[in-house]
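Heads up: the structure comes next, in structure tokens.
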Amino acid sequence: MAKLVLLDGHSLAYRAYHALPEEMATTSGEQTNATFGFTSMLLEVLEREKPEYIAVAFDLGKTWRHERYVEYKGHRLKAPDGMHDQMRRIQEMVRTFNIPIFTAAGWEADDVLGTLARQAEEQGADVVIVTGDTDAHQLVTEHVYAQTSGFRFREFTTYDPDAIRAKYELDPRQLIDYKALLGDTSDNIPGVAGVGKKTATTLVQQYSSLEGIYEHLSEIKGAMQKRLEAGRTEAFLSKELVTIDQYVPEISLDLEACRTRDFDRRAVLTLFRALQFTSLIERIPEAERESPPPPSLQPEIKTHYCLVAGRAELDTLGRAIAAAEAVTLDTETDSLDAIRANLVGLAIGVGPGTGYYLPLGHRAALPEGQLSLDQEPPTNPHNLSLDEVREWLNPLLARPGLQIYMHHAKFDLEVLLCHGFVIPAVHHDTMLAAWLINPGFSQHQGLKELARTLLGVEMTEITELIGKKGKNQITMDLVPVEKAFPYACADVDMTSRLVPLQVPQLKEMALYDIFHDVDMPLVSVLVTMERHGVAFDPAALNEVRERLHARMGEVEQAIYGHVGYEFNINSTHQLSEVLFDKLGLDKRKSSKTKHGHYSTAVNVLEALEGEHEIIPLLMEHRTMQKLLSTYVDQLPTMINPDTHRIHTDFSQTSAETGRLASLKPNLQNIPIRTDIGREIRGAFIAPPGEYLLSIDYSQIELRVLAHLSEDAAMIEAFQRGEDIHAATATRLFHISLTEVTKDQRRIAKIINYGLLFGMSAFRLAREASLSYAEADEVLHGYFRSFPAIQGYLDGIISEVIQKGYAETIMGRRRYFRVLQENPNSNTGRAEERAAKNHPIQGSAAEIIKVAMIRIHDALHKRGLHTRMVLQVHDELLFEVPEAELQEAVALITSIMTSAMTLKVPLQVDAKVGLNWQEMESIEEFLE
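Each residue of the sequence shown is one higher than the one before, counting from 0 in numbering that gives the first Met the number 0.
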């Protein structure tokens, strides 16, 4: 007998939405918990049932039930925005699997399912209704079964008539009368007040139906009779509402049209990858025959990829560049270190669909076994002359009005500049644009991911050319030219195609100005800083290293003394046994790891602080170990052997607030509140005949807070030039400025900066050594003293709940999806703290970025030899020739204090010295 499987799309989607974490999302921020859950259930059904026929029903909106009873489902909250978007994705998923969808305006999916089930049964088919709720149980017959998801949403229970009788002690159709009496709180169906499950079951068993109950109402005695009489109208209304209509006029089942058909497996695979359902890919059923390639998400573009082999091809490409409005550039190298990489090849595009590859540094790979460690592979005969290409290309790129596109422009610019090319400012970087549009996941802003999700194009992975990581992986220079050139051409082709998609989106989101005026100009600034690097004296760390090792030895012996024996402090398993078994510390303050032992992470040690003398020793040991491994031992290894300087990598796509990050090495996290941390800074030195100049914004985030909140008291304090922390203390403790103690100023400072990160009374109590009651009162006192700040912070959250994002002064967005849809969840509360911080920290980052761009341009225009070498949070570090010091200080200070006009003045502190540690104020130095 034929079998038709019907899926209740609406209920299954909502079942999945509430069963899986709301945090589930793609790296671009698209919420996917409902889509993932529904897809997982769909795959389960396809695998388990192997249906001959299949269809899915969805709701379309309000139905006749809403007209019949205004309060129907009236208590339900508005569907979250994430659910609306996912319902569209779910229907796209169903269509991609080539499964028919049934809907009917004015009718619920249950009515559509009921009608399809009746018609299928009449056509001689068995029916399985897969649903997320129990409404379909009334439809069960000898040939119609209901499969209902249980507590675990992928686990289903199948109900035939016997199973229904066993569960409810009623026949399936009697469930209508049962629910008419009982009501249904999930749909706001009233039922009869005072009638519970047991009574409803007994009444229907005795009188068969609702009509039978009321025909024999006189036989029912006491209070129940009165309840039934009082609820007669509600009972029959409820029966009307709970009855699934199996005669929807718009629904006509053509069983053959629902036959399970081949689907385009590649299209399904593309959709899975776009949604990042990696774990589900292996569960995609195999199609019976190969399907044609899926249609592209964009109109088909014919490609023209060309390997430039000599002067004739160069001349052809030169004419194309001369006629083009924009060119796209991409480099192929033998290293990810832009400063030290060799240029293997250059790809140039002159529009979507085009790509020209210029091989410059390929080497001919010898057969395995013929290449010894000291033998260099011969030069590949395909290579063009680097000098000739440079001489040919530089004038072409200098044409006024020519726009240049790149993906990850900073890397390619550095490589090209290091090889003598002269590259004008890059107009559009698709990686930076993607980050600005969807901040938060830099590791997935790669060109291949963007091509897959935005263009529907699967690009060749680099591992197909050089192999996977390991001893057998080769570098790009050993890849044959005939394999490298289509790969490189595709890079510039896809970049060219992405630009016209991103520009309208940036403009629509009001992000184009910050992209064009800040993010893109900053690329050239960072390239200049990275190429220049910073001077470093490794010998300055020798004494630091010796003292760290000596102190670590002392701490280790103290730890062993508390335990009674030696153990491996770095083994989390052994340390866990020591803390929780040997010393018997409170296990409730930790949790078990996947390896079965209790966690000894930093937050656990902080929670255990005060329980045993060993805890502060362990925390000190970890701090010293990190200083050694991350800085003291690591920094000397990162000195470039050619320049003898350290070249950090500044990232614009690491912090969602828009702050810059420093990578390889991370120079922004060198601790400066400890003596050893400050000594590490001392290894960064000025070149001979020059000084290091540090100019640091003073309390910039608090000034931004004053500007954004428009708090009169805080604005006045800054405008008067008062010490903001002392001024805050006067209001908190109701004293004059002259009466403020160091401790009171310390508490005020903790609050001022803590509020930027959503500080709670609990955290304030811990950091300020106050009782919880004292901390709570101090916080309330703060908001009484600065009333506009509370309103401003609350306003941010209201705006996020309304729009889904918070934004900076210049419009940089950060999305907070969980806060918008579920503010009371743990993730929602964490996002609330981040949302309050984003406009403040993000705007401060914008101010220093604008300053960096203007300083870079001003130094160049004046012909000064002063160089900006580092940016660390609110501080800029420069190398300044002694003869330029006064001019540089005046110029840089002027630019930094005028980078953005706020309601309060921007101020900076300038210090100078021969190394980054031993510095004095510029005023003292110039005396």
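Positions of the beta carbon are idealized from the N, C-alpha and C atoms, including for glycine.
Owing to the predicted nature of the structure, the values given are computational and were not obtained by experimental measurement.
- Message: Under DSSP, the beta strand (DSSP E) around Met867 begins and ends at which residues?
- Response: Indexing the sequence shown from 1 puts residue 867 at position 868. Residues 866-871.
- Message: Tell me whether Glu249, by its Cβ, gets closer than 7 Å to a heavy atom of the ligand GDP.
- Response: The ligand GDP is not among the ligands present in this structure, which contains no ligands whatsoever.
- Item | Alpha-carbon to alpha-carbon, Ile614 and Leu574 | Taking the first residue of the sequence shown as 1, we reach residue 574 at position 575. Taking the first residue of the sequence shown as 1, we reach residue 614 at position 615. Between the alpha carbons of Leu574 and Ile614 lies a distance of about 11 Å.
- Whether Leu209 touches Val194 by CB criterion (8 Å): Taking the sequence shown and counting its residues from 1, the one referred to as residue 209 is at position 210. Taking the sequence shown and counting its residues from 1, the one referred to as residue 194 is at position 195. Leu209 places its beta carbon 8 Å or farther from that of Val194.
- Assign Phe756 to buried or exposed, taking buried as 16 or more other Cβ atoms, counted over all protein chains shown, within 10 Å of its Cβ. On the sequence shown, position 757 is the one that residue 756 refers to. Answer is exposed; the Cβ neighbour count stays below 16.
- Message: Considering Cα atoms alone, identify which of Pro160, Ser237, Gln275 is closest to Gly28.
- Response: Taking the first residue of the sequence shown as position 1, residue 28 is located at position 29. Taking each of Pro160, Ser237, Gln275 in turn and checking the Cα distance to Gly28, the smallest one comes out for Gln275.
- Item | Through-space distance from Thr462 to Asp314, alpha-carbon basis | Here residue 314 refers to the residue found at position 315 when the sequence shown is read from its first residue. Here residue 462 refers to the residue found at position 463 when the sequence shown is read from its first residue. Distance between the alpha carbons of Asp314 and Thr462 is about 33 Å.
- Query: If you draw a straight line from the C-alpha of Ala199 to the C-alpha of Tyr213, how long is it?
  - Reply: Residue 199 sits at position 200 when you count from the first residue of the sequence shown. Residue 213 sits at position 214 when you count from the first residue of the sequence shown. So the two alpha carbons sit approximately 13 Å from each other.
- Nearest-angstrom Cα distance between Glu917 and Ile750? Within the sequence shown, numbered from 1, the residue matching residue 917 stands at position 918. Within the sequence shown, numbered from 1, the residue matching residue 750 stands at position 751. Going from the Cα of Glu917 to the Cα of Ile750 covers about 30 Å.
- Could you tell me whether the segment 327-339 touches the segment 634-653, where touching means 3 or more Cβ pairs closer than 8 Å? Between the segment 327-339 and the segment 634-653 there are three or more inter-stretch CB-CB distances shorter than 8 Å, so the stretches are counted as touching.
- Message: For Gln501 and Gln137, I'd like the C-alpha separation in whole angstroms.
- Response: Looking up residue 501 in the sequence shown gives position 502. Looking up residue 137 in the sequence shown gives position 138. Approximately 51 Å, taken between the alpha carbons.
- Query: What first and last residue would you give for the beta strand (DSSP E) that runs through Met405?
  - Reply: Within the sequence shown, the letter at position 406 stands for residue 405. Boundaries of the beta strand (DSSP E) harbouring Met405: 402-405, taken from the DSSP string.
- Query: Which runs of the alpha helix (DSSP H), 4 residues or longer, sit entirely within the segment 409-493?
  - Reply: With a minimum length of 4 residues, the continuous alpha helix (DSSP H) runs that stay inside the segment 409-493 are 429-436, 446-449, 462-465.
- Query: Considering only the beta carbon of each residue, do Leu627 and Met618 sit closer than 8 Å?
  - Reply: On the sequence shown, position 628 is the one that residue 627 refers to. On the sequence shown, position 619 is the one that residue 618 refers to. A distance of 8 Å or more separates the beta carbons of Leu627 and Met618.
- Item | Residues near Asp58 in its chain [Cβ-Cβ closer than 7 Å; skip 5 each side] | As a first step, residue 58 must be located in the sequence shown, where it is residue number 59. So the list reads His9, Glu107, Ala108, once near-sequence residues are dropped.
- Below 7 Å CB to CB, which residues in the same chain sit around Gly352 once its five sequence neighbours on both sides are set aside? Mapped onto the sequence shown, residue 352 falls at position 353. Hits under 7 Å: Ile300, Lys301, Thr302, His303, Asp492.
- What's the C-alpha gap between Ala234 and Leu227? The residue given as residue 234 occupies position 235 in the sequence shown. The residue given as residue 227 occupies position 228 in the sequence shown. Whole-angstrom Cα-Cα distance: 8 Å.
- Tell me whether the beta-carbon of Val533 lies closer than 8 Å to the beta-carbon of Arg644. In the sequence shown, residue 533 corresponds to position 534, counting from 1. In the sequence shown, residue 644 corresponds to position 645, counting from 1. Contact flag set, yes.
- Boundaries (first-last residue) of the beta strand (DSSP E) holding Lys910: As a working note, residue 910 is residue 911 in the sequence shown. From DSSP, the beta strand (DSSP E) with Lys910 extends over 907-912.
- Taking only beta-carbon positions, decide if Phe410 is within less than 8 Å of chain C. Of the chains in the structure shown, none is chain C; there is only one protein chain.
- Item | Which residues DSSP lists as bridging Thr62, in chain order | Reading the sequence shown from its first residue, position 63 is the one you call residue 62. Answer is Gly105.
- Item | Separation of Gly105 from Ala165, as counted between CA atoms | Along the sequence shown, read from residue 1 onward, the residue named residue 165 stands at position 166. Along the sequence shown, read from residue 1 onward, the residue named residue 105 stands at position 106. So the two alpha carbons sit approximately 34 Å from each other.
- Thinking C-alpha only, which one of Glu806, Asp490, Leu357, Val425 is nearest Glu457? One-based indexing of the sequence shown puts residue 457 at position 458. The shortest Cα separation from Glu457 among Glu806, Asp490, Leu357, Val425 belongs to Asp490.
- Message: Tell me the DSSP secondary structure of Lys49 in three-state form.
- Response: The count along the sequence shown starts at 1 and reaches residue 49 at position 50. In this structure, Lys49 counts as coil in the three-state DSSP scheme.
- Item | Those residues which DSSP pairs with Tyr597 across a bridge | What you label residue 597 is simply residue 598 of the sequence shown in a count that begins at 1. Looking at the DSSP output, Tyr597 bridges to Lys591.
- Task: State the DSSP-derived secondary structure class of Ile638, mapped to helix, strand or coil.
- Result: Taking the first residue of the sequence shown as 1, we reach residue 638 at position 639. DSSP places Ile638 in strand when its eight states are reduced to three.
- Item | For Leu707, the first and last residue of its enclosing beta strand (DSSP E) | In the sequence shown, residue 707 corresponds to position 708, counting from 1. Careful: Leu707 lies outside any beta strand (DSSP E), inside the alpha helix (DSSP H) at 699-708.
- Message: Quick check on Glu926: buried or exposed, where buried means 16 or more other Cβ atoms within 10 Å of its Cβ?
- Response: Along the sequence shown, read from residue 1 onward, the residue named residue 926 stands at position 927. Result: exposed.
- Item | 8 Å contact criterion, which Leu875 and Met899 should meet: CB distance rounded | As a first step, residue 875 must be located in the sequence shown, where it is residue number 876. As a first step, residue 899 must be located in the sequence shown, where it is residue number 900. Rounded, the Cβ-Cβ distance is 15 Å, inconsistent with contact.
- Query: Could you give the distance in angstroms between the alpha-carbon of Thr114 and the alpha-carbon of Ala256?
  - Reply: On the sequence shown, residue 114 is found 115 positions in, with the first residue counted as 1. On the sequence shown, residue 256 is found 257 positions in, with the first residue counted as 1. Distance between the alpha carbons of Thr114 and Ala256: 16 Å.
- Thinking Leu357 and Val307 are a contact (beta carbons under 8 Å), I'd like their distance in whole angstroms, please. Indexing the sequence shown from 1 puts residue 357 at position 358. Indexing the sequence shown from 1 puts residue 307 at position 308. With a Cβ gap of about 5 Å, Leu357 and Val307 count as contacting.
- Query: Using the C-alpha atoms, what's the distance from Leu416 back to Tyr630?
  - Reply: Within the sequence shown, residue 630 is the residue found at index 631, counting from 1. Within the sequence shown, residue 416 is the residue found at index 417, counting from 1. CA-to-CA, the gap between Tyr630 and Leu416 works out to about 29 Å.
- Message: Going by the DSSP bridge assignment, what does Pro189 pair with across the sheet?
- Response: Indexing the sequence shown from 1 puts residue 189 at position 190. Partner(s): none; Pro189 has no beta bridge.
- Message: My output table needs one value for Met551: the three-state DSSP class, helix, strand or coil.
- Response: Looking up residue 551 in the sequence shown gives position 552. For Met551, the secondary structure class from DSSP, reduced to helix, strand or coil, is helix.
- Gly8, DSSP secondary structure in three states: Within the sequence shown, residue 8 is the residue found at index 9, counting from 1. In the three-state DSSP reduction, Gly8 falls in the helix class (H, G or I).
- Distance, Lys748 Cα to Arg730 Cα: Mapped onto the sequence shown, residue 730 falls at position 731. Mapped onto the sequence shown, residue 748 falls at position 749. Cα atoms of Arg730 and Lys748: separation of roughly 13 Å, rounded to the nearest angstrom.
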